[in-house]
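A.B. asks: Have a look at this one.
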Amino acid sequence: MNDMTPPEMPTTDLFSKFDPLIETRRSLLATGVTDPFSLVMEKVLSPTTAICSGRETILLGTYNYMGMTFDPDVIAAGKQALDDFGAGTTGSRVLNGTYAGHRAVEEALKEFYGMDHAMVFSTGYQANLGIISTIAGKGDYIVLDIDSHASIWDGCKMGDAEVVPFKHNDIEAMEKRLKRIPEGAGKLVILEGVYSMLGDIAPLKEMIRIAKENGAMVLVDEAHSMGFIGPNGRGVAEDQGVLDQVDFVIGTFSKSVGTVGGFCVSNHPKFEIMRLVCRPYVFTASLPPSVVATAATSIRKLMHAGNKRAHLWENSRTLHKALTDLGFKLGTAEPQSAIIAVIMPDLERGAMMWEALLHEGLYVNLARPPATPAGMTLLRCSLCAEHTAEQVGIITGMFERAGKAVGII
Amino acid sequence: MDRAAIAARIAEVIEPFNKNAVPITETTSFAGDLEWDSLTVMDFVAAIEDEFDIIISMNQQAEIETYGQLIDAVTTMQG
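Line by line, the protein sequences are chains A and Z. Just so you know, we're using the numbering used here here: the first sequence kicks off at 28 and counts up by one. Just so you know, we're using the numbering used here here: the second sequence kicks off at 37 and counts up by one.
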């Protein structure tokens with residue numbers, strides 16, 4: 028960081044607002060700890076292992092829940108699409124950027140969710156940004172969980188609706204706010220199936236019932252549940268039996284699907300008009316042909332991935348119990364998803380623990396405010412269906428040694 | 037309810053959040069003088085909303101920095 032400071036740095040300019048963060052970062056790195064936000068994977072060996080700083084490392088922070096990134100059928104589909112359609116579309120979905128593969132992946136999504144419409148965006152961030160900002164505009168009201176993802180907040184801001192947050196997963200707080208909205212105003216309730224910081228799930232059944240009773244449309248972000256929660260892997264809403272009451276499901280290709288891209292599926296009869304009015308869909312280039320080909324192949328394989336799902340849940344339960352038994356403080360008392368959040372006492376010890384784990388040969392996510400709720404520092408672990416039982420055992424041993432070395436357990 | 041009555045009720049809601057017992061005047065700012073972080077602000081806004089059975093959206097919150105401005109906003113919303 029020091030060499031980034033030019034000698035004639037102005038005292039104040041537009042960058043002055045970042046000074047507190049620059050100072051936090053400087054003082055953290057001054058302790059000699061490895062920068063947790065500039066790790067490079069030199070070689071990726073499999074969905075669960077990579078070479079980082081010359082060392083073979085087990086990956087436990089990738090969101091690659093179903094391990095589809097190296098699936099042979101997925102890779103083959105991508106290579107074929109590169110050969111047949113080229114490296115990129117160089118265009119918007121509504122102009123020259125819709126190839127056969129874009130339609131095919133939307134068909135796969137419609138089948139996966141059993142819904143009438145599917146719209147694919149270039150990233151999950153853009154899916155939330157686009158759908159939310161387009162359907163909830165000036166004068167409409169958005170009621171949303173305070174722990175919502177950044178892409179949801181940004182979508183709210185861009186659309187200019189009145190934004191009314193409620194306390195995380197608090198059904199009563201949500202209901203009170205819905206009932207206070209002026210008569211006749213448009214209402215959108217935004218929820219997530221799995222909240223990615225602590226790995227906890229939402230009481231969607233109750234919340235969606237109340238939203239509907241109060242005349243609101245419902246959007247659920249199922250980014251962290253697709254592929255392994257619910258009887259068909261459609262997410263938490265399916266698991267709780269309320270998927271048919273969700274107006275819009277937002278999802279991503281960058282987690283269980285194993286590539287990049289975002290989507291919205293819906294049964295709304297007028298949904299197709301979104302393709303013409305949604306700016307983050309129109310004014311950007313579409314996904315490359317190889318990406319949509321890998322996504323479509325992966326989604327179709329996820330429809331029949333019952334065994335992998337069962338193994339992922341086994342991994343999540345095993346690691347959750349092992350870390351609890353070791354004395355770590357976790358984000359949830361029971362495993363509710365494939366995310367296990369280990370709560371750190373503060374940023375400094377969190378960074379030390381992160382580094383100690385990396386030296387053991389384990390990569391997890393270090394998460395800190397503003398991404399985390401309640402100012403917490405977290406080591407966020409996400410399990411993969413391709414982690415073996417043996418790897419989960421090795422991971423437990425690494426946590427034990429690192430935790431003792433840093434003095435957290 | 038008149039402005040004075042609303043001001044008194046808001047002062048009561050502020051009290052448990054005012055950990056450093058900062059004296060409250062019309063120009064006391066929540067972020068600056070009371071040093072509330074965003075989480076405290078969120079809990080406080082929820083408490084005010086419940087006290088007066090109103091909505092103060094994020095958009096409206098952006099315009100409210102001081103005790104006096106909050107009294108005015110609540111008075112308007114109570115209409």
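Backbone N, C-alpha and C define an ideal beta-carbon position, used for all residues, glycine too.
In whole angstroms, give me the CA-to-CA distance for R52(A) and L106(Z).
C.D. replies: In the first sequence, residue 52(A) corresponds to position 25, counting from 1. In the second sequence, residue 106(Z) corresponds to position 70, counting from 1. Rounded to whole angstroms, R52(A) to L106(Z) spans 36 Å at the Cα level.
A.B. asks: Could you check where the beta strand (DSSP E) with M253(A) kicks off and where it finishes?
C.D. replies: Counted from its first residue, the first sequence places residue 253(A) at position 226. Careful: M253(A) lies outside any beta strand (DSSP E) and carries neither H nor E.
A.B. asks: Is the shortest distance between the beta-carbon of P316(A) and the beta-carbons of chain Z less than 8 Å?
C.D. replies: Along the first sequence, read from residue 1 onward, the residue named residue 316(A) stands at position 289. No, no contact with chain Z.
A.B. asks: What's the gap between the Cα of T111(Z) and the Cα of L205(A)?
C.D. replies: Here residue 111(Z) corresponds to residue number 75 of the second sequence, with the count starting at 1. Here residue 205(A) corresponds to residue number 178 of the first sequence, with the count starting at 1. So the alpha carbons of these two residues sit roughly 21 Å apart.
A.B. asks: Would you please verify whether the beta carbon of D86(Z) is less than 8 Å from any beta carbon of chain A?
C.D. replies: Here residue 86(Z) is taken as the residue at index 50 of the second sequence, counted from 1. So yes, D86(Z) belongs to the interface.
A.B. asks: Would you mind telling me which residues of chain Z sit closer than 8 Å to V132(A), beta carbon to beta carbon, in chain order?
C.D. replies: Taking the first residue of the first sequence as position 1, residue 132(A) is located at position 105. Going along chain Z, no residue has its Cβ under 8 Å from V132(A), so there is no contact; the nearest lies around 35 Å.
A.B. asks: Apart from the five residues just before and just after G124(A), which ones in its own chain have a Cβ nearer than 7 Å to its Cβ?
C.D. replies: Here residue 124(A) refers to the residue found at position 97 when the first sequence is read from its first residue. Cβ neighbours of G124(A) beyond the five flanking positions: T116, G118, A312 and S313.
A.B. asks: Among the candidates D266(A), P307(A) and I436(A), whose CA atom is the shortest distance from the CA of I228(A)?
C.D. replies: What you label residue 228(A) is simply residue 201 of the first sequence in a count that begins at 1. It is D266(A) whose Cα lies nearest to the Cα of I228(A).
A.B. asks: Is S343(A) closer than 8 Å to I367(A) when the C-beta atoms are compared?
C.D. replies: Along the first sequence, one-based indexing puts residue 367(A) at 340. Along the first sequence, one-based indexing puts residue 343(A) at 316. Using a Cβ distance threshold of 8 Å, I367(A) and S343(A) count as a contacting pair.
A.B. asks: With burial defined as no fewer than 16 other Cβ atoms inside 10 Å of the residue's Cβ, what is the status of K335(A): buried or exposed?
C.D. replies: Start at 1 with the first residue of the first sequence, and residue 335(A) comes out as number 308. Label assigned to K335(A): buried.
A.B. asks: Going by DSSP, name the residue or residues bridged to L392(A).
C.D. replies: Within the first sequence, residue 392(A) is the residue found at index 365, counting from 1. According to the sequence displayed, residue 392(A) carries Asn and not Leu. For N392(A), which the question treats as bridged, DSSP gives the partners R407(A).
A.B. asks: Is there a Cβ of chain A sitting closer than 8 Å to that of T111(Z), yes or no?
C.D. replies: Start at 1 with the first residue of the second sequence, and residue 111(Z) comes out as number 75. It does not; no Cβ of chain A falls within 8 Å.
A.B. asks: Is K44(A) close to chain Z, meaning its C-beta is less than 8 Å from at least one C-beta of that chain?
C.D. replies: Taking the first sequence and counting its residues from 1, one reaches residue 44(A) at position 17. No, K44(A) does not count as interfacial toward chain Z.
A.B. asks: Is there a Cβ from chain Z that is less than 8 Å from the Cβ of E375(A)?
C.D. replies: For the purposes of this step, residue 375(A) is taken as residue 348 along the first sequence, with counting starting at 1. Judged by the 8 Å Cβ criterion, E375(A) is not in contact with chain Z.
A.B. asks: For R428(A), I'd like the list of residues in its chain whose CB is within less than 7 Å of its CB, leaving aside the five on either flank, ordered along the chain.
C.D. replies: By one-based count along the first sequence, residue 428(A) stands at place 401. E387, listed in sequence order.
A.B. asks: Beta-carbon of A82(Z) versus every beta-carbon of chain A: anything under 8 Å?
C.D. replies: Translated into the one-based positions of the second sequence, residue 82(Z) becomes position 46. Yes, A82(Z) counts as interfacial toward chain A.
A.B. asks: So S178(A) is in the alpha helix (DSSP H); what residue range does that whole segment cover?
C.D. replies: Sequence index remark: in the first sequence, residue 178(A) carries index 151 (1-based). Per DSSP, S178(A) belongs to the alpha helix (DSSP H) from A177 to G186.
A.B. asks: For the beta strand (DSSP E) containing K214(A), name the first residue and the last one.
C.D. replies: Here the question's residue 214(A) lines up with position 187 in the first sequence. Note, K214(A): beta strand (DSSP E), K214 to E219.
A.B. asks: Any beta carbon from chain A within less than 8 Å of D108(Z)'s own beta carbon?
C.D. replies: Here residue 108(Z) refers to the residue found at position 72 of the second sequence. False, the Cβ-Cβ gap to chain A never drops below 8 Å.
A.B. asks: For the alpha helix (DSSP H) containing H195(A), list its first residue and its last residue.
C.D. replies: Position 168 of the first sequence, counted from the start, is the residue given in the question as residue 195(A). Premise fails: H195(A) is in no alpha helix (DSSP H) and is neither H nor E.
A.B. asks: At a CB distance below 8 Å, what residues from the region 192-225 of chain A approach chain Z? Give them in sequence order.
C.D. replies: P192, F193, K194, A200, K203, R204, R207 and I208
A.B. asks: Along the beta strand (DSSP E) that carries T311(A), what are the first and last residues, could you check?
C.D. replies: Walking along the first sequence from the start, residue 311(A) turns up at place 284. Per DSSP, T311(A) belongs to no beta strand (DSSP E) and is neither H nor E.
A.B. asks: Say whether chain A places a C-beta atom closer than 8 Å to the C-beta of M94(Z).
C.D. replies: Here residue 94(Z) is taken as the residue at index 58 of the second sequence, counted from 1. Yes, M94(Z) lies at the interface with chain A (some Cβ there is under 8 Å from its Cβ).
A.B. asks: Just checking: is the beta-carbon of I173(A) within a distance shorter than 8 Å of some beta-carbon in chain Z?
C.D. replies: As a first step, residue 173(A) is located in the first sequence; it is residue number 146 there, counting from the start. Closer than 8 Å to some Cβ of chain Z, the Cβ of I173(A) qualifies, so yes.
A.B. asks: From F88(Z) to A188(A), what distance separates their C-alpha atoms?
C.D. replies: Here residue 88(Z) corresponds to residue number 52 of the second sequence, with the count starting at 1. Here residue 188(A) corresponds to residue number 161 of the first sequence, with the count starting at 1. For F88(Z) and A188(A), the distance between alpha carbons rounds to 22 Å.
A.B. asks: What's the call for E71(Z), buried or exposed, on a 16-neighbour Cβ count within 10 Å?
C.D. replies: As a working note, residue 71(Z) is residue 35 in the second sequence. So E71(Z) counts as exposed.
A.B. asks: With 8 Å as the threshold, decide whether the Cβ of G358(A) is near any Cβ in chain Z.
C.D. replies: Sequence index remark: in the first sequence, residue 358(A) carries index 331 (1-based). So, not an interface residue.
A.B. asks: By a C-beta neighbour count over all protein chains shown, 10 Å radius and 16 as the cutoff for buried, is F193(A) buried or exposed?
C.D. replies: Here the question's residue 193(A) lines up with position 166 in the first sequence. Buried, because 16 or more other Cβ atoms sit within 10 Å of the Cβ of F193(A).
A.B. asks: Contact between the region 372-390 of chain A and the region 409-428 of chain A: three or more CB pairs below 8 Å?
C.D. replies: The region 372-390 of chain A is in contact with the region 409-428 of chain A.
A.B. asks: Please confirm if M78(Z) has its CB atom under 8 Å from at least one CB of chain D.
C.D. replies: Annotation note: the requested chain D is absent from the structure, which comprises protein chains A and Z.
A.B. asks: Measure the beta-carbon distance from G434(A) to L353(A) and round it to whole angstroms, keeping in mind my assumption that it falls under 8 Å.
C.D. replies: The residue given as residue 434(A) occupies position 407 in the first sequence. The residue given as residue 353(A) occupies position 326 in the first sequence. G434(A) to L353(A), Cβ: 14 Å. No contact.
A.B. asks: In whole angstroms, what separates the C-alpha of V216(A) from that of T58(A)?
C.D. replies: As a working note, residue 216(A) is residue 189 in the first sequence. As a working note, residue 58(A) is residue 31 in the first sequence. In a straight line, the C-alpha of V216(A) is about 44 Å away from that of T58(A).
A.B. asks: Which residue or residues does DSSP assign as beta-bridge partners of S293(A)?
C.D. replies: One-based indexing of the first sequence puts residue 293(A) at position 266. The partner list for S293(A) (beta bridge, DSSP) reads H144(A) and F275(A).
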